[in-house]
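K.L.:
Residue numbers (this note's numbering), protein chains in the order written: chain A, 7 to 344; chain B, 149 to 454; chain C, 2 to 301. Once you've had a glance at the structure underneath, I'll fire off some questions.
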Amino acid sequence: MYDSDKPVLEVKGLKTHLTTKNGVSKAVDGIDFSLHKGETLGIVGESGCGKSMTSLSILRLIPSPPGKIVDGSILFKGKNIVEMSEDQLRKIRGNEISMIFQEPMTSLNPVIPVGEQIAEALRLHQKLGKKDAWQNSIEMLKLVGIPSPEKRAKQEPFQLSGGMRQRVMIAMALACRPEVLIADEPTTALDVTIQAQILELIKKLQAKIGMGVIMITHDLGVVAETCDKVAVMYAGNIVEHAPTEQLFSDPKHPYTKGLLNSLPRIYEDQDELATIEGNVPSPYHLPEGCRFASRCAHREAICDRKLPELIEQSDGVKVRCWMYTDQWALHEEKEEVL
Amino acid sequence: MMMFILRRIFQTIPVMIGVTFVVFFIMQLVPGDPAVLLAGEGASKETIEGIREQLGLNQPLYVQYTDYLMNIFRGDLGVSLKNSQPVLDEILVRLPITIELAFFSILITIVLGMAAGIISAIKPYSLTDVSVMLIALLGISLPSFWFGLMLMYLFSVKLQILPVAGWDSILHIILPAVTLGAGGAAIVARMTRSSMLEVIRQDYIRTARSKGLRETVIIYKHALRNALIPVITVVGLQFGALLGGTVLVESIFAINGLGRMIVDAIRMRDLPIVQGGVLCASLIFVIVNLFVDIFYRFFNKRIELN
Amino acid sequence: MSLEVKTVQPNVIVNPTVSKPESKLKGFLSQLLMNKAATVGAFIIIIYILLAVFAPLIAPYSPYEIDLENKMMPPSSDHWMGTDDKGRDILSRILYGSRLSMGVGFAAVLFGAFIGIIFGLVAGYYGRWVDTVIMRIMDVMLAFPGILLALAIIAALGPSLINVTIAVGAFSVPLFARIVRGSTLEVKRLEYIDAIRSLGANDFTIIFKHIFPNILSPIIVQATLRLATAILSAAGLSFLGLGAQPPSPEWGTMLSSGRDFLFSAPFIALFPGIAISILVLGFNIFGDGLRDAFDPRMKK
């Protein structure tokens, strides 16, 4: 039996690679994290770091070809999603784990009334009749704060604003009361004021339904506002994993530090925003050593030789950097001796 | 939407008048004096002059054209040179047959074409897809008049399961409709496939997958409706090619429709019949296009506003 | 020791097509070769052209020689495609006929393209009422379904192969005009056209020297695809007895006479049809390939 103390979702050593004619792109290259009920995990990183690929991998939604999960496991309540049959997987999709996508403009079917788009999931998973499902989808629209939901349910997406559509997406994702919600940049395409409303809504509904949320974002502001813990991704790896407060107050990895330095701060004097020099390595040609080495101010010979492991420092804080290992200390001593 | 329909109808009127003008103008290209042609060889000067007077051929061209246009409005398309019957009567006898043929052909174009396109798109680059697309490529390259003859040879001469020619029963319709519809079906199949492949890449298909829907539901409910919108336009254009094609197919299968009427009239130099037939077919095409446009606009509205 | 002569280059306004013609052509050709289907299409077309050119050398018999003793002979080692109702060798007739059928197709498309391109260039370049007038006329021409406009023209001019060429060409005019107009509008917006005009170039120079070379690719693609249709239409009109007349070995005419013997000698109608189909197939796949090579965006 599934134990409620255990994480509802556990990702171990996940590798998702894309095979194209240019070679193999290691978009997700060994990711570990876990999520409990009611908890919010943020996954942050620049575009192309593999965070969206990670989120799509969880429901096996990566377009294949070219994408393929080549290694690792995704345990949902102890069952491995990677090894599930299509039928088993479909019972989980939209029912126990659901997703909200970045583009509310294009993520809804343009020729189907929004109410129907919500109701079809209810009919499928909750085995509701046509009428009940429709009634339920109107309830959901009301829940996500759409005025005159009876009227809106019959409308097609083009009659709704961007913010409204994202609310519809949320209603759709939460209709079956999932245990995990994956929100892939849910607010990126929206106006700032709407962004705050949508985040507030997700938080409110999370408290109500008690689901675990994975918040995929490139926006550290969103992380600070919504997440309990954060995983920072870089070039297909998690480079730092920490409780949100700790990450912001005491970042460990040079990349995380760089990210935080590049944020505008209200209470401090900043002449200009810091940027991280250099480029992200191509996922087709990843270096042997630390993937951030070429942009890192603390780079040493060992960084180029071997990829560091993600090592736990203190409670819940994990870093993938040679600076926090014994090898680094040895290395420093050697330098002193010389 | 109402405004769009009205504007579109309004735009159609000049095109229709343009069509009458082109038809009228082309007939002016006929070498020689039409009055002499009408009167026949060895007619007296008085007879020729009489005909000229009677048909208004001694009037300036623009007067002749205005008369022609007015007569069309009155439903007077002139009389056949061969049997002196009103052209409109002849057309009204022939038109239903052609419309019936066109209806079944466009049905084949749509059903066969879309089905083939969907089958191809479901498993792109598979053996099925490649074979279907090769057949479609052949379909747009085969001359319909030859394809019709070969069908006739196979099914009527060799297998003897379908009648050779004529227009009496539903069995008579099969071969001509297949002949006429096949080319369009090939084009619709290619269009449906590429449109489906385009739609399957869209975000809302991923959303549908993330909801746990079955692949069949995703394809028939979520993808197909969107994919068929651009296909509507192609079907509309195919209708024109199809109307033109009736000329060939009706001749092959000895069907007494509008197309065969035109061809026979050209051979017998019965110009009023040709004029009336071409005009009638073109006006039908203009009207069909009008409907296709409104239809398309109706379905496309949501996508445009997206 | 020679003095190095430094020439001061004025700010040359570079025409995008002439900037690196060689590399562009190379890229295009490699694109085209990579497309296997296009290569097959080109191969078919070249074979047909060679057969047409060397027909007198290849053809085993005269296309017109009547031999009533050997009429309607099924294919054999003497007559690979059999003989027709007058005992003429079908293979030889098809070889000679390729000159007519392809000739009519090429001539019709050239004629249609020539007029269509001029209309399109003028409409696109001058805009305003000129554009409106020309394009409305084109709309009207497009309102005629399929080959009906061609039929009307033949009805007026009388049945003959030349009139078929004119008629089939006429109904390609609006298609070329539309495409050329669209491309002209695009090119006209480019900055260098303004620059050339400010240098005092006249309209004629701008249209034919600067705009026209830039819009060649869509014209070539359209012409290739139109060739397929033109050959089909011309053969169809001859099939109806409105084009080439017997005993011409034009393929449509051959098919038409073969149709009377469908019961006793189906091969008379079979082979001309196959000849047309393969040629048209060649143009269609070559045209598709050209389109992909010219416009990688269109690739699916």
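Glycine included, C-beta positions come from ideal geometry on N, C-alpha and C.
Quick check for students: name the residue ranges of the beta strand (DSSP E) that lie wholly in the region 69-100 of chain C, counting only runs of 3 or more.
P.N.:
none
K.L.:
By the criterion of Cβ-Cβ separation under 7 angstroms, what are the contact partners of Pro72/A in chain B?
P.N.:
Position 66 of the first sequence, counting from 1, holds the residue named residue 72/A. None at all; the shortest Cβ gap to chain B is about 13 angstroms.
K.L.:
Tell me, to the nearest whole angstrom, how far the beta carbon of Ala313/B is from that of Phe169/B; I am working on the premise that it is less than 8 angstroms.
P.N.:
What you label residue 313/B is simply residue 165 of the second sequence in a count that begins at 1. What you label residue 169/B is simply residue 21 of the second sequence in a count that begins at 1. The pair is not a contact, with the Cβ atoms about 37 angstroms apart (cut-off 8 angstroms).
K.L.:
Measuring alpha carbon to alpha carbon, tell me which residue in Ser239/C, Ala224/C, Ala235/C is nearest Asn285/C.
P.N.:
Against the third sequence, residue 285/C aligns to sequence position 284. Of Ser239/C, Ala224/C, Ala235/C, the residue nearest in Cα terms is Ala224/C.
K.L.:
How many angstroms separate the CA atom of Gly216/A from the CA atom of Arg156/B?
P.N.:
For the purposes of this step, residue 216/A is identified with residue 210 of the first sequence, where counting begins at 1. For the purposes of this step, residue 156/B is identified with residue 8 of the second sequence, where counting begins at 1. The straight-line gap from Cα to Cα measures roughly 55 angstroms.
K.L.:
Using 7 angstroms as the threshold, is the C-beta distance between Leu81/A and Glu156/A below it?
P.N.:
For the purposes of this step, residue 81/A is taken as residue 75 along the first sequence, with counting starting at 1. For the purposes of this step, residue 156/A is taken as residue 150 along the first sequence, with counting starting at 1. Cβ atoms of Leu81/A and Glu156/A: not closer than 7 angstroms.
K.L.:
Run down chain B in chain order and give the residues with a C-beta less than 7 angstroms from the C-beta of Pro184/A.
P.N.:
For the purposes of this step, residue 184/A is taken as the residue at position 178 of the first sequence. For the C-beta of Pro184/A, not a single chain B residue is nearer than 7 angstroms; the gap to the nearest is close to 11 angstroms.
K.L.:
Return the chain-ordered list of same chain residues with a C-beta closer than 6 angstroms to the C-beta of Leu226/C, the five sequence neighbours on each side being excluded.
P.N.:
Counted from its first residue, the third sequence places residue 226/C at position 225. Gly288.
K.L.:
Does Val379/B come within less than 7 angstroms of chain C when only Cβ atoms are used?
P.N.:
Within the second sequence, residue 379/B is the residue found at index 231, counting from 1. Answer no: the Cβ-Cβ gap between Val379/B and chain C never drops below 7 angstroms.
K.L.:
For the region 137-169 of chain A, enumerate the residues whose C-beta is nearer than 9 angstroms to any C-beta of chain B, in chain order.
P.N.:
Glu162, Pro163, Phe164, Gln165
K.L.:
Which residue comes first and which comes last in the alpha helix (DSSP H) that contains Gln350/B?
P.N.:
One-based indexing of the second sequence puts residue 350/B at position 202. From DSSP, Gln350/B is part of no alpha helix (DSSP H); its letter is neither H nor E.
K.L.:
Please say whether Leu225/B and Leu236/B have beta carbons closer to each other than 7 angstroms?
P.N.:
What you label residue 236/B is simply residue 88 of the second sequence in a count that begins at 1. What you label residue 225/B is simply residue 77 of the second sequence in a count that begins at 1. The answer is yes: Cβ separation under 7 angstroms.
K.L.:
Can the beta-carbon of Asp234/A be found closer than 7 angstroms to that of Glu45/A?
P.N.:
As a first step, residue 234/A is located in the first sequence; it is residue number 228 there, counting from the start. As a first step, residue 45/A is located in the first sequence; it is residue number 39 there, counting from the start. Against a cut-off of 7 angstroms, the Cβ pair of Glu45/A and Asp234/A comes out as a contact.
K.L.:
Can you give me the C-alpha to C-alpha distance between Leu275/B and Pro260/A, rounded to a whole angstrom?
P.N.:
As a working note, residue 275/B is residue 127 in the second sequence. As a working note, residue 260/A is residue 254 in the first sequence. Spanning the two alpha carbons is a distance of roughly 52 angstroms.
K.L.:
Give, in chain order, every residue of the region 257-285 of chain C whose Cβ lies closer than 7 angstroms to some Cβ of chain B.
P.N.:
Arg260, Leu263, Phe264, Pro267, Ala270, Gly274, Ile277, Ser278, Val281, Leu282, Asn285
K.L.:
If contact is defined by three or more beta carbon pairs under 8 angstroms, each pair taking one atom from either stretch, is the region 25-34 of chain A in contact with the region 86-94 of chain A?
P.N.:
no
K.L.:
Using only alpha-carbon positions, find the residue among Pro234/B, Leu302/B, Lys230/B that is nearest to Gly223/B.
P.N.:
The residue labelled residue 223/B in the question sits at position 75 within the second sequence. For the residues Pro234/B, Leu302/B, Lys230/B, the minimum Cα distance to Gly223/B belongs to Pro234/B.
K.L.:
Between the region 104-112 of chain C and the region 69-78 of chain C, can you find at least three pairs of beta-carbon atoms closer than 8 angstroms?
P.N.:
no
K.L.:
Counting pairs of beta carbons, one from the region 204-220 of chain B and one from the region 371-379 of chain B, are three or more of them closer than 8 angstroms?
P.N.:
By the Cβ rule, the region 204-220 of chain B does not count as touching the region 371-379 of chain B, because fewer than three pairs are nearer than 8 angstroms.
K.L.:
Under the criterion of a Cβ to heavy atom distance below 6 angstroms, does Asn243/A qualify as lining the ligand ADP?
P.N.:
You won't find the ligand ADP in this model; it holds no ligand whatsoever.
K.L.:
Leaving out five residues on either side along the sequence, give the residues of the same chain with a beta carbon under 7 angstroms from the beta carbon of Gln132/A.
P.N.:
In the first sequence, counting from the first residue as 1, residue 132/A sits at position 126. So the list reads Cys182, once near-sequence residues are dropped.
K.L.:
Out of Ala248/A, Val198/A, Arg301/A, point me to the one whose CA is closest to Gly323/A's CA.
P.N.:
Within the first sequence, residue 323/A is the residue found at index 317, counting from 1. Note on residue identity: the sequence assigns Val, not Gly, to residue 323/A. Residue Ala248/A is the option with its Cα nearest to Val323/A.
K.L.:
Report yes or no: is there a C-beta of chain B within less than 7 angstroms of the C-beta of Ile154/C?
P.N.:
Here residue 154/C corresponds to residue number 153 of the third sequence, with the count starting at 1. True, the Cβ-Cβ gap to chain B drops below 7 angstroms.
K.L.:
Answer yes or no: do Ala429/B and Pro248/C have a C-beta to C-beta separation smaller than 7 angstroms?
P.N.:
Looking up residue 429/B in the second sequence gives position 281. Looking up residue 248/C in the third sequence gives position 247. No.
K.L.:
Just checking, does the region 186-195 of chain C make contact with the region 91-101 of chain C on the three C-beta pairs under 8 angstroms criterion?
P.N.:
no
K.L.:
Can you grab the Cα-Cα spacing for the pair Val305/B / Phe44/C, in whole Å?
P.N.:
By one-based count along the second sequence, residue 305/B stands at place 157. By one-based count along the third sequence, residue 44/C stands at place 43. Cα-Cα distance, rounded: 36 angstroms.
K.L.:
Just how far apart, CA to CA, sit Ile212/C and Ser70/A?
P.N.:
As a first step, residue 212/C must be located in the third sequence, where it is residue number 211. As a first step, residue 70/A must be located in the first sequence, where it is residue number 64. When rounded, the distance between both Cα atoms is 44 angstroms.
K.L.:
Which whole-angstrom value is the C-beta distance of Gly237/C and Phe152/B, which I expect to be below 8 angstroms?
P.N.:
By one-based count along the third sequence, residue 237/C stands at place 236. By one-based count along the second sequence, residue 152/B stands at place 4. About 37 angstroms; that fails the 8 angstroms criterion.
K.L.:
Of the choices Ser113/A, Lys83/A, Val236/A, Met111/A, whose alpha-carbon is the least far from that of Ser255/A?
P.N.:
Within the first sequence, the letter at position 249 stands for residue 255/A. Ranking Ser113/A, Lys83/A, Val236/A, Met111/A by Cα distance to Ser255/A puts Val236/A first.
K.L.:
Can you name the residues that DSSP bridges to Gly290/C?
P.N.:
If you number the third sequence from 1, residue 290/C lands on position 289. Answer is none; Gly290/C lacks a bridge partner.
K.L.:
In the region 235-257 of chain A, which residues sit with their C-beta less than 9 angstroms from some C-beta in chain B, listed in chain order?
P.N.:
none
K.L.:
Find out if the Cβ-Cβ distance for the pair Ala315/C, Thr254/C is shorter than 7 angstroms.
P.N.:
Residue 315/C is absent from the model: chain C starts at 2 and stops at 301.
K.L.:
Mind listing which residues of the region 386-405 of chain B have their C-beta closer than 8 angstroms to chain C's C-betas, in chain order?
P.N.:
Phe387, Gly388, Ala389, Leu390, Leu391, Gly392, Gly393, Val395, Leu396, Ser399, Ile400
K.L.:
Put Lys27/A into one of helix, strand or coil per three-state DSSP.
P.N.:
As a working note, residue 27/A is residue 21 in the first sequence. Of the three classes helix, strand and coil, the one that applies to Lys27/A here is coil, per DSSP.
K.L.:
Looking at chain C, is there any beta carbon in it that lies within less than 7 angstroms of the beta carbon of Val178/B?
P.N.:
Numbered from its first residue, the second sequence carries residue 178/B at position 30. With 7 angstroms as the cut-off, Val178/B counts as an interface residue toward chain C.
K.L.:
Using a 10 Å radius around the Cβ and a threshold of 16 neighbouring Cβ atoms, would you call Met150/B buried or exposed?
P.N.:
The count along the second sequence starts at 1 and reaches residue 150/B at position 2. Met150/B comes out exposed.
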